[in-house]
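*Asks:*
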Amino acid sequence: MKHLDEYRDKALVKPLVAELARSVSKPVRLMEVCGTHTMAIFRNGVRSILPEGMEIVSGPGCPVCVTSASHMDAFIAMAEMAGVRVTIFGDLFRVPGSNGSLAQASSRGAKIDIVYSPMDALDIARNNPEDMVVFLGVGFETTTPAIGATILVAQREHIDNFCVFSTHKVIPGPLELLMQDPDLKINALLCPGHVSAIIGAGAYQPFVDKFGLSCVVAGFEPADLLNGLILLARQVSENNPRVENLYPRVVSWEGNGRAISMVDEIFEPVDMEWRGLGVLPLSGLAIKEKYAHFDAQKRLDITIPESGEAKGCLCGQILKGITIPPQCPLFDKRCTPANPIGPCMVSSEGTCAAYHKYGRDD
Amino acid sequence: MPDNTILLDHGSGGIASQELISKIFLKHLDNPVLRTLEDSAVIERQDGRLAFTTDSYVVDPIFFPGGDIGKLAVHGTINDLAMRGAKPLCLSLGIILEEGMNIDDLEKIVISIGQASKESGVPIVTGDTKVVPKGKGDKIFINTSGIGVVPDHISISSKNGQPGDAVILSGSMGDHGITIMTRRAGISMDGNLRSDTMSLHKMVSCLLAEFPEAVHTLRDPTRGGVATSLNEIAASSKLSIIIEEERLPIHPEVRAACEILGLEALFLANEGKCLAIVDGKKADDILKLMRTTAEGQQAVIIGRLVDGKPGRVLINTPVGGSRVVAPLHGEPLPRIC
Numbered sequence: 005m006k007h008l009d010e011y012r013d014k015a016l017v018k019p020l021v022a023e024l025a026r027s028v029s030k031p032v033r034l035m036e037v038c039g040t041h042t043m044a045i046f047r048n049g050v051r052s053i054l055p056e057g058m059e060i061v062s063g064p065g066c067p068v069c070v071t072s073a074s075h076m077d078a079f080i081a082m083a084e085m086a087g088v089r090v091t092i093f094g095d096l097f098r099v100p101g102s103n104g105s106l107a108q109a110s111s112r113g114a115k116i117d118i119v120y121s122p123m124d125a126l127d128i129a130r131n132n133p134e135d136m137v138v139f140l141g142v143g144f145e146t147t148t149p150a151i152g153a154t155i156l157v158a159q160r161e162h163i164d165n166f167c168v169f170s171t172h173k174v175i176p177g178p179l180e181l182l183m184q185d186p187d188l189k190i191n192a193l194l195c196p197g198h199v200s201a202i203i204g205a206g207a208y209q210p211f212v213d214k215f216g217l218s219c220v221v222a223g224f225e226p227a228d229l230l231n232g233l234i235l236l237a238r239q240v241s242e243n244n245p246r247v248e249n250l251y252p253r254v255v256s257w258e259g260n261g262r263a264i265s266m267v268d269e270i271f272e273p274v275d276m277e278w279r280g281l282g283v284l285p286l287s288g289l290a291i292k293e294k295y296a297h298f299d300a301q302k303r304l305d306i307t308i309p310e311s312g313e314a315k316g317c318l319c320g321q322i323l324k325g326i327t328i329p330p331q332c333p334l335f336d337k338r339c340t341p342a343n344p345i346g347p348c349m350v351s352s353e354g355t356c357a358a359y360h361k362y363g364r365d366d
Numbered sequence: 011m012p013d014n015t016i017l018l019d020h021g022s023g024g025i026a027s028q029e030l031i032s033k034i035f036l037k038h039l040d041n042p043v044l045r046t047l048e049d050s051a052v053i054e055r056q057d058g059r060l061a062f063t064t065d066s067y068v069v070d071p072i073f074f075p076g077g078d079i080g081k082l083a084v085h086g087t088i089n090d091l092a093m094r095g096a097k098p099l100c101l102s103l104g105i106i107l108e109e110g111m112n113i114d115d116l117e118k119i120v121i122s123i124g125q126a127s128k129e130s131g132v133p134i135v136t137g138d139t140k141v142v143p144k145g146k147g148d149k150i151f152i153n154t155s156g157i158g159v160v161p162d163h164i165s166i167s168s169k170n171g172q173p174g175d176a177v178i179l180s181g182s183m184g185d186h187g188i189t190i191m192t193r194r195a196g197i198s199m200d201g202n203l204r205s206d207t208m209s210l211h212k213m214v215s216c217l218l219a220e221f222p223e224a225v226h227t228l229r230d231p232t233r234g235g236v237a238t239s240l241n242e243i244a245a246s247s248k249l250s251i252i253i254e255e256e257r258l259p260i261h262p263e264v265r266a267a268c269e270i271l272g273l274e275a276l277f278l279a280n281e282g283k284c285l286a287i288v289d290g291k292k293a294d295d296i297l298k299l300m301r302t303t304a305e306g307q308q309a310v311i312i313g314r315l316v317d318g319k320p321g322r323v324l325i326n327t328p329v330g331g332s333r334v335v336a337p338l339h340g341e342p343l344p345r346i347c
């Protein structure tokens, strides 16, 4: 933890706050595209010290939030099938589908285990041979390699009662589509630290070339965040958009080749539905035919229903950074973390949850 | 079924029940009042008002580093009494066992209850045991109720916070919550994590003997953690609370586990800590005294009460920013990435 403390050191951080104020000479409207950034920005009170002329909007960076109601409904229906035991990351537990959540299915007797790693799901499969253990694959580039690795281990060890329901998504393509939205007026991108560890900082070059966006890859500690904002402000001020990598202790230009090739081995791009954004071409990853034995949709013959989004919920607009949570008529009224209507309220990294938990109301 | 497991017979009220009582419960919890095995315990007349509380314990796993469900059941109820300034007098012990539970495990838990009760000086004076069929419970559930006496001149309540009061936290945050969470299936994590379960009434009585007026509010931040307790105090006292993030005491191991799981220690349960809202002018003296006690060696002043929006808790962050600290909603769940 010593390493972490260095990036939180007050003596280091204070001058950065002053430098940030000096760096903004032209308006900066930046989007962060990572749920962990959303939370870190709120948790550290960064919004309360933003200089005039700098604005942060949150993009579709929370994988739980962009999981569609149709997928949630399919997850819930599958969890209630006899002989099925579902394993999930904790955030997914309370996400509403069109009619209830996994938490409610659990209360009706569905077998649902919260795990921290897909490898723990594999342990559950080993220990419960009578159940078909399904891991609900939800996540971006950061999460997919670990799930791919788990499939390879399951194959090697002939663990027959394990499979994955893949709704994995990729970031760059959908983000490019989002940038074409005329309502979204941003000039800078705070690029996600974790996703970039896999895909590499080079993945953002097209955003500079096509949209003239300033791009900085940054980590999540206060010093990382502030440095990221300073560099973005400077790029905008100097009118010199480019990709800068502030997180070289984790992120390279090329990315993690081994992880990328493992994902390519097991998954293939497919059209995927995103909550609030609709079906985006080749924005998801399905398990290849070669590994069909580990594909829950094939093993259990799952069809994904066409479910609508909750009425009045503006998660779609919020995920696009066009609307902020307090502008949603449901926010903090009918939709709260205790009774979430949209996914942005339920995930600990969702924008609405962040506004609810940390937002100043004065 | 092997003879070291709990049978439905053990809850029948017949011979098997009596054997369980004499060979396990009386053996480890014996005292003159309990020994009578009457339908209720009769307690001598007391000076002062009576405090009465109850709490149920269903923790899974039942054994964890730093304690077990039995110890927790004794400490938790004693602490609830102490948080009103009461001197705990006695406890009741209600146990629901699941058919098939290992009797050795039960005995371990009862030994632990006996030890905790003895160390705390608070006897178990009445009790009850029931057995439910396998699958209708989860090994063991415990309820303890407690009676305490509040001296006439003491008035401790969440409503009593005043502007200018200091917020003292008696030690590190989150130890119990993270220990339990990392022991549950699916999230296996090793490391030097230990529950902080302990009784706090001796520390409280020491503070109240010296500062009967200056201690306004006491709360043990159990489920929901420090964040939720502070919200409750701010709401009851109709004031705002401002805390300083840098002053929050968190063990490095707990902080590391929180980082990995995406949790905040502010929201994790504690079982041996208290928040004391005290007169700002006496805060340093009270802190000094608290630190002389075994339970409060690591105590720190973490913030203050101020006039402001009633019920709001703000935290000042190391970057010089501030944010709202909301109460916990539902069980904290580990995040995805």
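These protein sequences, in sequence, are chains A and B.
If you use my numbering, the first sequence closes out at 366, no skipped numbers anywhere.
If you use my numbering, the second sequence closes out at 347, no skipped numbers anywhere.
By construction, the Cβ of each residue, glycine as well, lies at the ideal position given by its N, Cα and C atoms.
#1: Is there a Cβ of chain A sitting closer than 7 Å to that of Thr-327 (chain B), yes or no?
#2: From Gly-23 (chain B) to Gly-137 (chain B), what does the alpha carbon distance come to, in whole angstroms?
#3: Determine the DSSP secondary structure at Ala-192 (chain A), reduced to helix, strand or coil.
#4: By alpha-carbon positions, which one of A:Ala-263, A:Ala-300, A:Leu-193 and A:Asp-299 ends up nearest to Leu-250 (chain A)?
#5: Am I right that His-20 (chain B) and Leu-36 (chain B) are in contact with their C-beta atoms under 8 Å? What's the rounded C-beta distance?
#6: Under the three-state reduction of DSSP, which class applies to Ile-106 (chain B): helix, strand or coil?
#7: Do Ile-178 (chain B) and Leu-297 (chain B) have their CB atoms nearer than 7 Å?
#8: Buried or exposed for Gly-87 (chain A), please, with buried defined as at least 16 other CB atoms from any protein chain shown within 10 angstroms of its CB.
#9: Per DSSP, what kind of secondary structure is Cys-219 (chain A) in: helix, strand or coil?
#10: Which residue or residues does DSSP assign as beta-bridge partners of Tyr-67 (chain B)?
#11: Report yes if the CB atom of Leu-210 (chain B) is closer than 7 Å to the CB atom of Cys-268 (chain B), and no otherwise.
#12: Helix or strand or just coil, what does DSSP make of Ala-176 (chain B)?
#13: With distances taken between CB atoms, is the gap from Ser-287 (chain A) to Lys-173 (chain A) smaller than 7 Å?
#14: For Pro-210 (chain A), which option in A:His-198, A:Phe-224 and A:Ile-175 has the closest C-alpha, if you only look at C-alpha atoms?
#15: Report back the beta-carbon spacing between Ser-351 (chain A) and Asp-95 (chain A) to the nearest angstrom; my notes put them in contact at under 8 Å.
#16: Could you list the residues in the stretch 45 to 76 of chain A with a C-beta less than 8 Å from some C-beta on chain B, going in chain order?
#17: Since Leu-39 (chain B) and Ile-123 (chain B) are thought to touch, with beta carbons under 8 Å apart, how far apart are those beta carbons, to the nearest angstrom?
#18: Looking at the secondary structure, which residues open and close the beta strand (DSSP E) in which Gly-137 (chain B) lies?
#19: Interface residues of chain A around Gly-331 (chain B) at Cβ under 8 Å?
#20: Excluding the 5 residues flanking Tyr-67 (chain B) on each side, which residues of the same chain have their C-beta closer than 6 Å to its C-beta?
#21: Starting from the C-beta of Leu-228 (chain B), find all residues in its chain whose C-beta is less than 6 Å away, skip the five residues before and the five after it, and write them out in chain order.
#22: Applying the criterion that 16 or more other CB atoms from any shown protein chain within 10 Å of the CB defines a buried residue, is Pro-87 (chain B) buried or exposed?
#23: Going residue by residue through the stretch 234 to 283 of chain A, where are the continuous alpha helix (DSSP H) segments of at least 4 residues, counting only ones entirely within it?
#24: Throw me the rounded Cβ distance for the Arg-204 (chain B) and Thr-189 (chain B) pair, which I believe falls under 8 Å.
#25: Pick out the complete beta strand (DSSP E) segments inside the stretch 239 to 304 of chain B, 3 residues or longer, and give them in chain order.
#26: Asp-127 (chain A) by DSSP, collapsed to three states: which one?
#27: For Pro-100 (chain A), list the residues DSSP reports as bridge partners.
#28: Can you give the Cα-Cα distance for Gly-313 (chain B) and Gly-290 (chain B), rounded to whole angstroms?
#29: Which residue's Cα is closest to the Cα of Ile-16 (chain B): B:Thr-207, B:Ala-336, B:Gln-172 and B:Ile-106?
#30: For chain A, check one thing: does any of its Cβ atoms lie closer than 7 Å to the Cβ of Glu-254 (chain B)?
#31: Applying a beta-carbon distance threshold of less than 9 Å, which residues of chain B neighbour Pro-295 (chain A)?
#32: Which residues, in chain order, does the stretch 165 to 193 of chain A contribute to contact with chain B at a C-beta distance below 7 Å?
#33: Put Lys-324 (chain A) into one of helix, strand or coil per three-state DSSP.
#34: If you drop the 5 nearest sequence neighbours on each side, which residues of the same chain put their C-beta closer than 6 Å to that of His-198 (chain A)?
#35: Can you give the beta carbon distance from Gly-354 (chain B) to Val-264 (chain B), rounded, assuming they're within the 8 Å contact cut?
#36: Taking the continuous beta strand (DSSP E) assigned at Glu-129 (chain B), which residues delimit it?
*Replies:* Well, looking at it:
#1: The residue labelled residue 327 (chain B) in the question sits at position 317 within the second sequence. Yes, because at least one Cβ of chain A sits closer than 7 Å to the Cβ of Thr-327 (chain B).
#2: For this step, residue 23 (chain B) is matched to residue 13 along the second sequence. For this step, residue 137 (chain B) is matched to residue 127 along the second sequence. Approximately 13 Å, taken between the alpha carbons.
#3: Stepping through the first sequence from its first residue, residue 192 (chain A) is reached at position 188. In this structure, DSSP gives Ala-192 (chain A) an extended state, which the three-state scheme calls strand.
#4: In the first sequence, the residue the question calls residue 250 (chain A) occupies position 246. The residue with the shortest Cα to Cα distance from Leu-250 (chain A) is A:Leu-193.
#5: Position 10 of the second sequence, counted from the start, is the residue given in the question as residue 20 (chain B). Position 26 of the second sequence, counted from the start, is the residue given in the question as residue 36 (chain B). In this structure His-20 (chain B) does not touch Leu-36 (chain B) by the C-beta definition: roughly 15 Å separates them, more than the 8 Å allowed.
#6: The residue given as residue 106 (chain B) occupies position 96 in the second sequence. In the three-state DSSP reduction, Ile-106 (chain B) falls in the strand class (E or B).
#7: In the second sequence, counting from the first residue as 1, residue 178 (chain B) sits at position 168. In the second sequence, counting from the first residue as 1, residue 297 (chain B) sits at position 287. Yes; because the gap between Cβ atoms is below 7 Å, this pair is in contact.
#8: The sequence position of residue 87 (chain A) within the first sequence is 83, counting from 1. With fewer than 16 other beta carbons inside 10 angstroms of its own, Gly-87 (chain A) counts as exposed.
#9: Reading the first sequence from its first residue, position 215 is the one you call residue 219 (chain A). In the three-state reduction of the DSSP assignment, Cys-219 (chain A) falls in the strand class.
#10: Counting from 1 along the second sequence, the entry for residue 67 (chain B) is found at position 57. In the DSSP output, where bridge partners are listed per residue, Tyr-67 (chain B) has B:Ile-152.
#11: Within the second sequence, residue 210 (chain B) is the residue found at index 200, counting from 1. Within the second sequence, residue 268 (chain B) is the residue found at index 258, counting from 1. No, the pair does not count as a contact, with Cβ atoms beyond the cut-off.
#12: Residue mapping note: residue 176 (chain B) aligns to position 166 of the second sequence, counting from 1. Strand at Ala-176 (chain B).
#13: Within the first sequence, residue 287 (chain A) is the residue found at index 283, counting from 1. Within the first sequence, residue 173 (chain A) is the residue found at index 169, counting from 1. Taking 7 Å as the Cβ cut-off, Ser-287 (chain A) and Lys-173 (chain A) qualify as a contacting pair.
#14: Numbered from 1 along the first sequence, position 206 holds the residue referred to as residue 210 (chain A). Checking every option, the nearest Cα to that of Pro-210 (chain A) belongs to A:Ile-175.
#15: Here residue 351 (chain A) is taken as the residue at index 347 of the first sequence, counted from 1. Here residue 95 (chain A) is taken as the residue at index 91 of the first sequence, counted from 1. That belief holds up - the Cβ atoms of Ser-351 (chain A) and Asp-95 (chain A) are roughly 5 Å apart, short of 8 Å.
#16: Within the stretch 45 to 76 of chain A, Phe-46, Arg-47, Asn-48, Gly-49, Val-50, Arg-51, Ser-52, Ile-53, Pro-67 and Val-68 place their CB atoms closer than 8 Å to a CB of chain B, listed in sequence order.
#17: Position 29 of the second sequence, counted from the start, is the residue given in the question as residue 39 (chain B). Position 113 of the second sequence, counted from the start, is the residue given in the question as residue 123 (chain B). About 7 Å; that satisfies the 8 Å criterion.
#18: In the second sequence, counting from the first residue as 1, residue 137 (chain B) sits at position 127. Going by DSSP, Gly-137 (chain B) is part of the beta strand (DSSP E) stretching over 134 to 142.
#19: Taking the second sequence and counting its residues from 1, one reaches residue 331 (chain B) at position 321. Under a criterion of Cβ atoms nearer than 8 Å, the residues of chain A adjacent to Gly-331 (chain B) are, in order, Asn-48, Gly-49, Val-50, Arg-51, Ser-52 and Ile-53.
#20: As a working mapping, residue 67 (chain B) is identified with position 57 in the second sequence. Cβ neighbours of Tyr-67 (chain B) beyond the five flanking positions: Ile-79, Leu-82, Ala-83 and Ile-152.
#21: Within the second sequence, the letter at position 218 stands for residue 228 (chain B). Around Leu-228 (chain B): Met-93, Ile-166, Cys-284 and Ala-286.
#22: Counting from one through the second sequence, the residue named residue 87 (chain B) turns up at place 77. Correcting the residue identity first, residue 87 (chain B) is Thr in this sequence and not Pro. By the 10 Å Cβ count, Thr-87 (chain B) comes out buried.
#23: As for any alpha helix (DSSP H) of minimum length 4 sitting wholly inside the stretch 234 to 283 of chain A, the runs are 261 to 270, ordered along the chain.
#24: Locating residue 204 (chain B) in the second sequence gives position 194, where the first residue counts as 1. Locating residue 189 (chain B) in the second sequence gives position 179, where the first residue counts as 1. Indeed they touch by this definition, with Cβ atoms about 6 Å apart.
#25: The stretch 239 to 304 of chain B contains, as complete beta strand (DSSP E) runs of 3+ residues, the segments 250 to 254 and 285 to 288 (chain order).
#26: Within the first sequence, residue 127 (chain A) is the residue found at index 123, counting from 1. Reduced to three states, the DSSP call for Asp-127 (chain A) is helix.
#27: As a working mapping, residue 100 (chain A) is identified with position 96 in the first sequence. Pro-100 (chain A) pairs with A:Ser-105.
#28: Position 303 of the second sequence, counted from the first residue, corresponds to residue 313 (chain B). Position 280 of the second sequence, counted from the first residue, corresponds to residue 290 (chain B). Computed Cα separation, rounded: 10 Å.
#29: If you number the second sequence from 1, residue 16 (chain B) lands on position 6. Closest option to Ile-16 (chain B), Cα to Cα, is B:Ile-106.
#30: Here residue 254 (chain B) refers to the residue found at position 244 when the second sequence is read from its first residue. Not an interface residue.
#31: Indexing the first sequence from 1 puts residue 295 (chain A) at position 291. The amino acid occupying residue 295 (chain A) in the given sequence is Tyr; Pro does not appear at that position. By Cβ distance, chain B contributes nothing, its closest Cβ being about 22 Å from Tyr-295 (chain A), past 9 Å.
#32: So nothing in the stretch comes that close.
#33: Counted from its first residue, the first sequence places residue 324 (chain A) at position 320. For Lys-324 (chain A), the three-state secondary structure derived from DSSP is coil.
#34: Along the first sequence, read from residue 1 onward, the residue named residue 198 (chain A) stands at position 194. A distance below 6 Å between beta-carbons, with the five flanking residues on each side excluded, links His-198 (chain A) to the following residues of its chain, in chain order: Thr-146.
#35: Residue 354 (chain B) cannot be examined here, being either before or after the span of chain B that is shown, 11 to 347.
#36: Start at 1 with the first residue of the second sequence, and residue 129 (chain B) comes out as number 119. Judged by DSSP secondary structure, Glu-129 (chain B) falls outside any beta strand (DSSP E) and instead within the alpha helix (DSSP H) spanning 113 to 130.
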